[in-house]
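J.: Here it is: the structure, laid out below.
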Amino acid sequence: MPAPEPARQSCQSDVQPPRQSDDPGCLCDHGAAARGLSKWAATVGFDVSTPVGTGDILLHGDWSYRSSYNADTTNSQYTQIGGYGVVNASVGYRFNSSWEVDAFVRNLFDENYVTALTVQTGNSGLILGQTGDPRLVGVTLRVRR
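Residue numbers (UniProt numbering): 1 to 145.
See the structure below:
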């Protein structure tokens, strides 16, 4: 099976703007990959429940991956976001189907990654960015009625 083609932008104009333009409204980049879309994305996960005593031991794990992409409509080299993968996991115990307790870790390997970059309009040279969440460890208690 051939690899899927990445999403592409299309427009009506034959005029090509400069590649580093800071005016998102003027761009018409024929054949360029659509902004904000990775060529590849994948998610793999599992959930396991095993009876132990009067309840169940619960195991969960998942991994999400996103390949590199350009985050801004200007297609600037400064808004290229590198690919990243994030792993989450949890282990818990469900007591008699009425309540459960889980210990969880989000971003298990404390991956440092950027989720958004935007070029400020005008000639300020400012690029705004948002990072992904750092590792988070916690406990959840659920009561079912």
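Each residue gets a CB set at the ideal place from its N, CA and C atoms; glycine is no exception. Since this is a predicted model, take the numbers as computed values, not measurements.
1) Enumerate, from N- to C-terminal direction, the unbroken beta strand (DSSP E) stretches of 3 or more residues contained entirely within the stretch 34 to 78.
2) Do you know offhand how far L37's Cα is from Y69's?
3) Candidates G122, N88, G82, N123: which alpha carbon is nearest V137's?
4) Among the candidates R145, V52, S64, N123, whose CA atom is the shortest distance from the CA of residue 202?
5) Does the Cβ-Cβ distance between D62 and L117 come in under 8 Å?
6) Applying the 10 Å Cβ sphere with the 16-neighbour rule, what's the burial state of T122?
7) Look up D133 in the DSSP assignment and say whether it is helix, strand or coil.
8) Measuring alpha carbon to alpha carbon, tell me which of G53, R144, T140, L128 ends up nearest Q80.
9) Of the residues H60, R66, G83, R94, which one's Cα is nearest the Cα of T54?
T.: Reading it off the structure:
1) 41 to 52, 55 to 66
2) L37 and Y69 have their alpha carbons spaced roughly 6 Å apart.
3) N88
4) Because the chain here runs from 1 to 145, residue 202 falls outside it and cannot be looked at.
5) No, the Cβ-Cβ distance between D62 and L117 is not below 8 Å.
6) Looking at the sequence itself, residue 122 is Gly, so the reference to Thr does not match. So G122 counts as exposed.
7) coil
8) L128
9) R94
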